[in-house]
Amino acid sequence: MRTHSTRLYFIVLPLFLALSSTGQLCTGGPDEARASYSPSSALPYQADNRSSLKEVTLSRTGALPPRLDAALRAAPDSTVSLWVFFRDKGSAAQVAGTIAELKDRFSSRALARRARVRKAPLLDWRDVPVPRPYIESLEDLGFSVRAISKWLNAVSVTCKAQDGTALLELPFVTEVKPVASFPKREMPFEKTPALPVTPFQQSETAKALESPSSAAPGDTSFYGATWRQLDMIQVPALHTQGITGDSVFIGVLDTGFNLNHEALESTQVVAQWDFINWDSVTSNEPGQDLSYQHNHGTMILGIIGGYKPGIYSGVAFGAEFALAKTEDVSDETPVEEDYWVMGLEWLDSLGVDLVTSSLGYKDWYTYEDMDGNTTVTTIAADMAVANGVSVFTAMGNGGATPYPYTIAPADGDSVMSIGAVDSLGQYWAASSRGPTYDGRIKPEIVTPGCAVYCVDPNDSTAYGRASGTSCATPLAAGGGALILQMNRDWNPVQLREAIRATGTNSSSPDTFIGWGILQADDASTWLLVSVLDEPLSPGAPGNTVIEVKNVPNPFNPHTVIHVELLSPAGEELVSAGIFDVTGRCVRDFGHLSIETGSAVIVWDGTDGSGRVVSSGTYFFTVKTSEASETRKLLLLR
-10 MRTHSTRLYF
0 IVLPLFLALS
10 STGQLCTGGP
20 DEARASYSPS
30 SALPYQADNR
40 SSLKEVTLSR
50 TGALPPRLDA
60 ALRAAPDSTV
70 SLWVFFRDKG
80 SAAQVAGTIA
90 ELKDRFSSRA
100 LARRARVRKA
110 PLLDWRDVPV
120 PRPYIESLED
130 LGFSVRAISK
140 WLNAVSVTCK
150 AQDGTALLEL
160 PFVTEVKPVA
170 SFPKREMPFE
180 KTPALPVTPF
190 QQSETAKALE
200 SPSSAAPGDT
210 SFYGATWRQL
220 DMIQVPALHT
230 QGITGDSVFI
240 GVLDTGFNLN
250 HEALESTQVV
260 AQWDFINWDS
270 VTSNEPGQDL
280 SYQHNHGTMI
290 LGIIGGYKPG
300 IYSGVAFGAE
310 FALAKTEDVS
320 DETPVEEDYW
330 VMGLEWLDSL
340 GVDLVTSSLG
350 YKDWYTYEDM
360 DGNTTVTTIA
370 ADMAVANGVS
380 VFTAMGNGGA
390 TPYPYTIAPA
400 DGDSVMSIGA
410 VDSLGQYWAA
420 SSRGPTYDGR
430 IKPEIVTPGC
440 AVYCVDPNDS
450 TAYGRASGTS
460 CATPLAAGGG
470 ALILQMNRDW
480 NPVQLREAIR
490 ATGTNSSSPD
500 TFIGWGILQA
510 DDASTWLLVS
520 VLDEPLSPGA
530 PGNTVIEVKN
540 VPNPFNPHTV
550 IHVELLSPAG
560 EELVSAGIFD
570 VTGRCVRDFG
580 HLSIETGSAV
590 IVWDGTDGSG
600 RVVSSGTYFF
610 TVKTSEASET
620 RKLLLLR
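Residue numbers (our numbering): -10 to 626.
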C-alpha cells in the first residue's frame, strides 16, 4: 500500500505471483512449492523418463548457413553460443494433451489479456514446452544448454566450434543459428548536484524541497528536474487526472536493478528473476556480478517507475512491475539474445500488459535481416504482441555510425520502436533510424533521449543525467501504461495506432522521428474521436441501406468482408477500399456492381502493389451514390 497527497493505492496482487502470506516477494528457486511462483514452473523440463532419443543416429539433415559454417571451421577450438531448433514437440496427441494441462502455468491475468486479442484456444502449440528428451540428448553429447524457448521450439547451447558443425546431423534438429549479440556499450551518466543546474529547475526543486509534502502530481513542484522530459510527452496532464499507471502490469528486461534508491523504495515490484545466475536476486550479487551490472537497469526502472515527490517522478509510478535480469555486462560475455527471449516468455506467463526493453541485438545480423521476420528477438517480440503484450523497444544509438539503421527487435512490424529527440524536441543525431530493409517507417514514436534525468544507480539519494534511446524507451512505455489505464480493453495494435495517430508528426511520418513525439494525453482519448463502426452517412428511409461485417476481426492473414446491400433499384454501382488511420487509401477495390443482397470481398492484408501491410487498424469503406459505411478492421500479425 502506498499513499500520497491525492490518491490511495491498494494493490490486489494475483495469487499466481510469487508472494508470501506477509505480502513480501518470495525468492524461492526452482524447487519451491508451486504456490510460490518462480520461472521454473514455465520451463520445459518435465518429470518424464528419459527417452531412447539419447541414443541417436547421426545423419546430415541440412546445411549450416554459409557464414556460420565458415566461422566455426575457421576457429574450431573457440567457444560459441548457438541456437538449435527442433523438429517437433511430439505427436499431435501428445501436444494436445500437454496443452490441456498448461493452464496452471499461466496467471488468470495472462489468460484474460490473451482473450482480448484472440479467440479460443488461448493456449496453443507455441506454449507447449520443448521436449525434454531432445534437451537431454544434447546434454549427453556434451553440449551445455544455456536457455530454452518454447515459442521458438529451440534451445541455445555453448560448445566448441568444431562440435557445432555436427548439430544438424541430429535427426530432431532442423536448423542451427548463431546466438546474436551486441557489443558492450555504456550509457553515459553524469552525476548532478543535489539541485539541478538550470535556473528554472533549481527554483522549482528548491520550492519542492521546502515543503515536499505539498507537491501533488500535475504540479511542476512535484517533478523536480523531471518536469521537462515528462511535460514534453504530456505526462503531467494525465497525472493531474489521477492516471499514474494504477492496475497496469509492466515487465522490464534489463541488466539488473538496485531497489535501494530512495526513488525506488516504494516501486511496486511483484516478481523478479535473474536469468543469468538463475535466482531471484536481480541486484548485484557479490562474486557473480561486476559492480556496475545493475546500473543500466536501475536507471531505466527509475525513469518509468521512480517516485520521490518534489524531487523525482517516473512516468508510471502507480504501476506494478516484474523485473527480468537478462543482460550480462561482463567483458568476457557478449550481450546475448537468448536470455532476453526466455525472459520475455516468462513475463508473458505472468500476465504483464506491456514490456519495456532498452536492449538490442545486431552482431551476426545484416541490414537485410531487419525485415521484421528474421531475427530471433523480433520473432519472439511479435509473438508477445500476438499474445496481447505491448512491446516497447529501443531503436539503438547508431544514428551517427556507418550503420545508422535499427537493430533487432525494433524492426518488428508489431512492436513499438522508440527513437530519441533532444530537450528541444529535435531529432537526436545518435538515435538509429529507419527504414527497415523491407521499407517500413521506423521508429514508431520518439521521446526525450538526451540528458534525461534519472536515478543514480550507486548512490541512494543522488540523481544524474544519461542519454540514449535506452532512456527514451521507458518514457514511451510509461506513457503507454498511462494510456492503457484509461483504456483497459485496448490491445497492442489499438495502443500502437492511438500513439502513432496522435504523435506530433502523424501527418507526415518519416524515418528519423517516425510519427513524432509521444502525446500521451491525446492518445488516451484517441478512439473517442476516431471513426466508429457506424455508417458515415446512413441512407434515408426508402433509399439504399448498407450493412458491413467482417470475420475474423482481429485477423491474420486475411479477413472476409460481407456487404449487405438493400437497394430499391435492385443493383448498385459501389466503390470500396481499405484506408489506414491517416486516411490514405491502402487498397482500392474499384467500382463494383452489386445486386441487392450479399457480396463478399476478401482482403489478404496487402496494398495495391501486393506488398504486405503492417499490423494496425484499417478501415473498409463502401459507398454508393446515396450512402456509405465504414467498418474498422484490426490486422494483428
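The beta carbon of each residue, even a glycine, is placed where N, CA and C say it ideally should be. Only a predicted model underlies this, so the values are computations on that prediction, with no experimental measurement involved.
Contact with chain B by residue i, beta-carbon distance below 8 Å
i	result
S403	No chain B appears in the structure shown, which is made up of a single protein chain.
First through last residue of the beta strand (DSSP E) which encompasses residue i
i	result
T68	68 to 75
F501	Taken as a continuous stretch (DSSP letters only), F501 belongs to no beta strand (DSSP E), as it is neither H nor E.
R454	452 to 455
G240	238 to 243
Assigned exposure category for residue i - 16 Cβ within 10 Å defines buried
i	result
F211	buried
S280	exposed
L413	exposed
H547	exposed
V404	buried
S355	In the sequence on display, residue 355 carries Thr and not Ser. Classification for T355: exposed.
A183	Confidence at A183 is low in this model, with a pLDDT of 45, below 50, so the placement of that residue should be treated as unreliable; the coordinate-derived value is given next. So A183 ends up on the exposed side.
A36	Because A36 sits at a pLDDT of 31, beneath the cut-off of 50, its placement in the model cannot be relied upon, and the following sentence gives the value as read from the coordinates. Exposed: under 16 other Cβ atoms inside 10 Å.
R489	buried
S338	buried
A466	buried
G231	exposed
P463	buried
V591	exposed
H250	buried
H228	buried
K108	exposed
Q83	exposed
Q261	buried
Proximity below 8 Å, CB of residue i to CB of residue j
i	j	result
W664	G387	Summary: the structure shown does not reach residue 664, with the chain confined to residues -10 through 626, and so no result is reported for it.
V435	G503	yes
G234	A470	yes
A461	I535	no
I300	G401	no
F246	L336	no
P446	N545	no
K92	V117	no
G492	L473	no
C148	L53	no
G291	G303	yes
T244	E316	yes
F608	F578	no
F238	E309	yes
T271	D278	no
N142	F75	yes
A422	F501	Here residue 422 is Arg; the residue named in the question, Ala, does not match the sequence. Yes. Within cutoff.
Spatially closest choice to residue i from the options, by CA coordinates
i	options	result
E274	K314, Y452, R576, V146	K314
D411	R573, S138, Q218, E357	Q218
P55	E164, D577, L130, Q261	E164
Q282	N266, T364, V537	N266
C574	E251, T606, G332, P543	T606
V589	I550, W140, S133	I550
T661	S496, K431, L253	The structure shown does not extend to residue 661, since the chain is modelled only from -10 through 626, so no value can be given for it.
R105	P481, V601, D358	P481
G665	V374, T147, T491, A81	Summary: the structure shown does not reach residue 665, with the chain confined to residues -10 through 626, and so no result is reported for it.
W515	V365, N476, P498, P543	N476
T87	R103, K139, L127	K139
R600	L554, T500, V444, D360	D360
S652	E325, A81, A85	Past the edges of the chain, shown from -10 to 626, lies residue 652, and the structure says nothing about it.
Boundaries (first-last residue) of the alpha helix (DSSP H) holding residue i
i	result
F211	209 to 212
Q218	216 to 220
A104	97 to 104
E334	326 to 339
Y123	121 to 129
V144	First-last for V144: 143 to 149, but that is the beta strand (DSSP E), not the alpha helix (DSSP H).
T664	The structure shown does not extend to residue 664, since the chain spans only -10 to 626, so no value can be given for it.
P55	55 to 63
L227	224 to 229
M288	284 to 294
- Query: Using 8 Å as the Cβ pair cut-off and three pairs as the minimum, do the region 147 to 159 and the region 338 to 355 touch?
  - Reply: no
- Task: Say whether the region 444 to 459 touches the region 217 to 232, bearing in mind that this needs 3 or more beta-carbon pairs closer than 8 Å, one atom from each stretch.
- Result: no
- Item | Meets three-Cβ-pair contact criterion under 8 Å: the region 108 to 121 and the region 129 to 136 | no
- Does the region 392 to 400 touch the region 419 to 429, meaning 3 or more C-beta pairs lie closer than 8 Å? yes
- Task: Decide if the region 324 to 331 is in contact with the region 358 to 369; the criterion is three or more beta carbon pairs, one per stretch, under 8 Å apart.
- Result: yes
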